[in-house]
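**Student:** This is the structure, below, for whatever I ask next.
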Amino acid sequence: MVSKLKFKGDKGSSKKKRKTTKVTDDVGSSRSTKQQESLPTGETAGWTAADSEQDLYGPIMILLVTEEGVAHYRAEPNNVEQVFVLVAVGGSKYALKSSHGRYLGVDRYGLLEAKATAINPQQTFTLLKQDAGWAIQTTWGNFISIQSKKDDEYIVHADSSQIGFCETFVVRIQVRYSNSIRNHVSTDENRHISTQHLKEKAGRELSKWEIRKLKNAFKGKS
């Protein structure tokens, strides 16, 4: 079982709940449906580890590396609160949306809370690939870290100035959103790109004119 995480500053019963996100099917749904039609079901089912930044898409799980050094590479969520949905905000920055429709944010003291209704700098994070997993850097330049507590529970905070064992995580993604699956499409499918995907790549809302021009450019039209 995946170890339970708690955010520093959580109170009461919320200590036993990790503020994470609901797995939704609307992220890239138009593309994933076509991709699954062209691949055997077994190749798109389940979860897998994110190996590169190109894999960072859609619902994710952020897991610990155990004290024995064994990562939860086979773990799958059994509760929507164990999952975040990645929202690209431009460059290598992402927001993490919870099952309550709120965004994870961090203040200058490293306190993490999933209460924001909009994405501001405090709600953006950079995921950095490491040999053993991923480090998650905040807008303040510090890294998300864990502190071991009793009964296989941990406190999560974001005030570490360097990357070490406690700042390294395993990021799990849905197989159907992995880069290899998303690129495994036919020529006809490559001629289509969803409006949602264009907005995620741009990191902002797009006008109807911009969407039309970008889709035509994607199809190779002038």
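Heads up: the sequence shown begins at 1 in full-length UniProt numbering, then just goes up one per residue. We treat Cβ as the ideally placed atom computed from N, Cα and C, and that holds for glycine. The structure presented is a predicted model; accordingly, all values stated were derived computationally and were not measured.
When you compare the segment 171-180 with the segment 203-217, are there three or more beta-carbon pairs, one atom per stretch, that lie closer than 8 Å?
**Tutor:** With the cut-off at 8 Å, the segment 171-180 and the segment 203-217 do not touch.
**Student:** Given a threshold of 16 other Cβ atoms within 10 Å of its Cβ, counted over all protein chains shown, does N142 qualify as buried or as exposed?
**Tutor:** The residue is buried, with at least 16 neighbouring Cβ atoms inside 10 Å.
**Student:** How should K149 be labelled, buried or exposed, when 16 other C-beta atoms within 10 angstroms of its C-beta is the threshold for buried?
**Tutor:** When all chains shown are included, K149 counts as exposed.
**Student:** If we call anything under 8 Å between Cβ atoms a contact, is G105 one with D159?
**Tutor:** No; because the gap between Cβ atoms is not below 8 Å, this pair is not in contact.
**Student:** Considering only C-alpha positions, which residue in the set T195, F84, H100, Q137 is nearest to D107?
**Tutor:** Selected option, being the one with the closest Cα: Q137.
**Student:** Rounded to whole angstroms, what is the Cα-Cα separation between F125 and C166?
**Tutor:** Approximately 17 Å between the Cα atoms of the pair.
**Student:** Could you tell me which residues DSSP puts in a beta bridge with I144?
**Tutor:** For I144, which the question treats as bridged, DSSP gives no partner whatsoever.
**Student:** To the nearest angstrom, report how far apart V156 and S145 are at their CA atoms.
**Tutor:** For V156 and S145, the distance between alpha carbons rounds to 6 Å.
**Student:** From A217 to S207, what does the alpha carbon distance come to, in whole angstroms?
**Tutor:** Approximately 15 Å, taken between the alpha carbons.
**Student:** Return the Cβ separation of residue 227 and Y94 in integer angstroms, given the expectation that the two are a contact with Cβ distance under 8 Å.
**Tutor:** Because residue 227 is not part of the residues shown, which for the chain are 1 to 222, the question remains open.
**Student:** According to DSSP, is D55 part of a helix, a strand, or is it coil?
**Tutor:** Three-state DSSP puts D55 in a helix.
**Student:** Can the beta-carbon of V80 be found closer than 8 Å to that of S99?
**Tutor:** Yes, they are a contact pair.
**Student:** Smallest Cα separation from T117: which of R74, L96, S194, G164?
**Tutor:** Comparing Cα positions, the closest option is L96.
**Student:** Could you tell me the alpha carbon to alpha carbon distance between H197 and Q147, rounded to whole angstroms?
**Tutor:** Cα to Cα, the separation comes out at about 36 Å.
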